[in-house]
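K.L.:
Counting the sequence shown from 1 gives a position; my numbering is that position plus 1191.
We put the beta carbon where it would ideally sit given N, CA and C, even for glycine.
I have a structure here, written as structure tokens, and I will follow up with some questions on it.
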Amino acid sequence: MPAPDPLPSILRRLDWLEDSAYPFDEVQRWPRGALDRLLAASILRETNPAREVTCGNCTDGCWITPDIVEDPRTGQIVCTGWCHDPEDGGLVTFSVDRLRMWEPHFEGLASFVARELDARGSVTALIPGRVCMIGSLISDGRCQDVFVARGLTWPDAAGVLAQADRLKASPSPVVLVPDQMPPVDFWRTLCPAVASLAEALVEADGPPRIDAAMLLARIGRVAPARHQDKPRAEVPVLTRTERDVLEALAASPHESMLLVELMAAAGYGRHATSQALQRLRALGLVAKPSGKQRKGDAITPAGRDLLAPQRA
Ligand SMILES: [Zn+2]
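Shown next, in the form of structure tokens:
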């Protein structure tokens, strides 16, 4: 199976998780050169090294907190730790590179989009980590201010936008989101044109690209909401409980887990666990396994992708 392009995952994580990082082992599985291209485009940046990694020795991949020491034979700085596998366990030594991690960089993404769209003006963070103005687009004598905003489906989104004065003052704003468009009734007084960057990615082996023409064609003007009492769509940001339940499922040696097993593994009561499960199923992150071999719930590929692979 060819390694998938990591860019769709990065855009998805920007809209689904407040913070996330890709560890060295995962980045190693990306297509050759992908990391360098994403760093050059400023869409990713290196972040603090992990304190815990899997041992890289046993099939379970037990977690260890390595010591960083000088190898007396080579003089190189290396990691050492204990693999707890009953058969093959023991002292393991590996490169400190395995602790390196990279995170999606929202402001860097905004600058990348500004270059791809050839926007006029400079990139300004209006609300750090959430809303950037990336300049203006001029076409047919019309000038539109363009913004990139993240987490518009999160519970605090309306409050965040309320602080973005430059966006509120714009007569004809375009709002680009990494992945998730907010529900139409999200917009109250602002009526921006909205589009998702994920839909305009160009799939190619080279540097990351956005199909500007496709993006501009997709920008639809949002009509003012008429039915303001309509229930709001689900908010994708995961609660701590939901994340813990998802992580417990990801760590399960079996394909699926029963509710009682999940309660024990995630450390929550019956009510909290089944509520979390219900929402994770609705979001497509967890599903009943097909076939009848085992009851319970299993994590889906989309769910696995969302997990920051290091532990908090
Ligand atoms: Zn191990």
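So is residue 1260 buried or exposed if we call it buried at 16+ other beta carbons inside 10 Å?
P.N.:
Classification of residue 1260: exposed, given that the 10 Å Cβ count is below 16.
K.L.:
Look at the alpha carbon of residue 1486 and the alpha carbon of residue 1204, and state the distance between them as a whole number of angstroms.
P.N.:
Residue 1486 and residue 1204: Cα-Cα distance of roughly 29 Å.
K.L.:
Using DSSP with H/G/I as helix, E/B as strand and the rest coil, what is residue 1345?
P.N.:
In this structure, residue 1345 counts as coil in the three-state DSSP scheme.
K.L.:
Take residue 1396 as the anchor and find which of 1209, 1215, 1223, 1333 has the nearest alpha-carbon.
P.N.:
Closest by alpha carbon: 1223.
K.L.:
Expressed to the nearest angstrom, what Euclidean distance is found between the alpha-carbon atoms of residue 1408 and residue 1324?
P.N.:
Answer to the nearest angstrom: the Cα atoms are 20 Å apart.
K.L.:
Using a threshold of 7 Å, is the CB atom of residue 1280 nearer than that to any non-hydrogen atom of ligand 1?
P.N.:
For ligand 1, at least one heavy atom lies less than 7 Å from the Cβ of residue 1280.
K.L.:
Does the distance between the C-beta of residue 1462 and the nearest non-hydrogen atom of ligand 1 fall short of 7 Å?
P.N.:
No, since every heavy atom of ligand 1 falls outside the 7 Å radius drawn around the Cβ of residue 1462.
K.L.:
For residue 1335, report the span of its beta strand (DSSP E) as first-last.
P.N.:
Run containing residue 1335: 1333-1340, per the beta strand (DSSP E) assignment.
K.L.:
Less than 7 Å separating the Cβ of residue 1276 from some heavy atom of ligand 1?
P.N.:
Yes, since a heavy atom of ligand 1 falls inside the 7 Å radius drawn around the Cβ of residue 1276.
K.L.:
If I measure Cβ to Cβ from residue 1232 and keep anything under 7 Å in the same chain, skipping five residues before and after, which residues do I get?
P.N.:
Same-chain partners within the cutoff: 1303, 1398, 1399.
K.L.:
For ligand 1, is there any heavy atom lying closer than 7 Å to the beta carbon of residue 1258?
P.N.:
Checking the Cβ of residue 1258 against ligand 1 gives no.
K.L.:
Hey, which unbroken runs of the alpha helix (DSSP H) at 4 residues or more fall wholly within the segment 1450-1495?
P.N.:
Fully enclosed alpha helix (DSSP H) runs of 4 or longer: 1450-1457, 1461-1473.
K.L.:
Should residue 1239 be listed as close to ligand 1, given that the test is whether its C-beta is under 7 Å from any heavy atom?
P.N.:
No, Cβ of residue 1239 sits at least 7 Å from all heavy atoms of ligand 1.
K.L.:
Taking 8 Å as the cut-off, does the segment 1456-1471 touch the segment 1373-1380 (at least 3 CB pairs, one atom from each stretch)?
P.N.:
These segments do not touch.
K.L.:
On a CA-only basis, which of 1318, 1291, 1463 is nearest residue 1430? Give me that one, please.
P.N.:
Minimum Cα distance to residue 1430 is reached at 1463.
K.L.:
Are the beta-carbon atoms of residue 1289 and residue 1244 separated by less than 8 Å?
P.N.:
Yes.
K.L.:
Is DSSP giving residue 1305 helix, strand or coil here?
P.N.:
If DSSP states are grouped into helix, strand and coil, residue 1305 belongs with the helices.
K.L.:
Where does residue 1315 sit, in a helix, a strand or coil, going by DSSP?
P.N.:
Here residue 1315 sits in strand by DSSP.
K.L.:
When you compare each of 1367, 1296, 1471 to residue 1437 by their alpha carbons, which one comes out closest?
P.N.:
The shortest C-alpha separation from residue 1437 is found at 1471.
K.L.:
Tell me which same chain residues have a C-beta within less than 8 Å of the C-beta of residue 1403, skipping the five on either side of it?
P.N.:
Excluding residues within five positions, the ones whose Cβ falls inside 8 Å are 1307, 1308, 1309, 1391.
K.L.:
I need the straight-line Cα distance from residue 1236 to residue 1294, nearest angstrom please.
P.N.:
Between residue 1236 and residue 1294, the C-alpha separation is close to 6 Å.
K.L.:
Nearest by alpha-carbon distance to residue 1434: which of 1467, 1410, 1444, 1492 is it?
P.N.:
When only C-alpha atoms are compared, the closest one is 1467.
K.L.:
Can you tell me which of the three DSSP states residue 1258 falls into?
P.N.:
In the structure shown, residue 1258 sits in a strand (DSSP, three-state: E or B).
K.L.:
If I measure Cβ to Cβ from residue 1449 and keep anything under 7 Å in the same chain, skipping five residues before and after, which residues do I get?
P.N.:
So the list reads 1486, 1487, once near-sequence residues are dropped.
K.L.:
For residue 1341, which residues of its own chain have a beta-carbon under 8 Å away from its beta-carbon, when the five flanking residues on both sides are left out?
P.N.:
Cβ within range, chain order: 1205, 1206, 1297, 1320, 1321, 1322, 1368, 1369.
K.L.:
Is the separation between the beta-carbon of residue 1266 and that of residue 1256 shorter than 8 Å?
P.N.:
No, the pair does not count as a contact, with Cβ atoms beyond the cut-off.
K.L.:
Please return the same chain residues whose Cβ sits closer than 7 Å to the Cβ of residue 1221, not counting the five positions on each side in sequence.
P.N.:
Within the same chain, residue 1221 has close Cβ partners 1194, 1197.
K.L.:
Where residue 1386 and residue 1406 are concerned, what is the direct C-alpha to C-alpha distance, given to the nearest angstrom?
P.N.:
So the two alpha carbons sit approximately 7 Å from each other.
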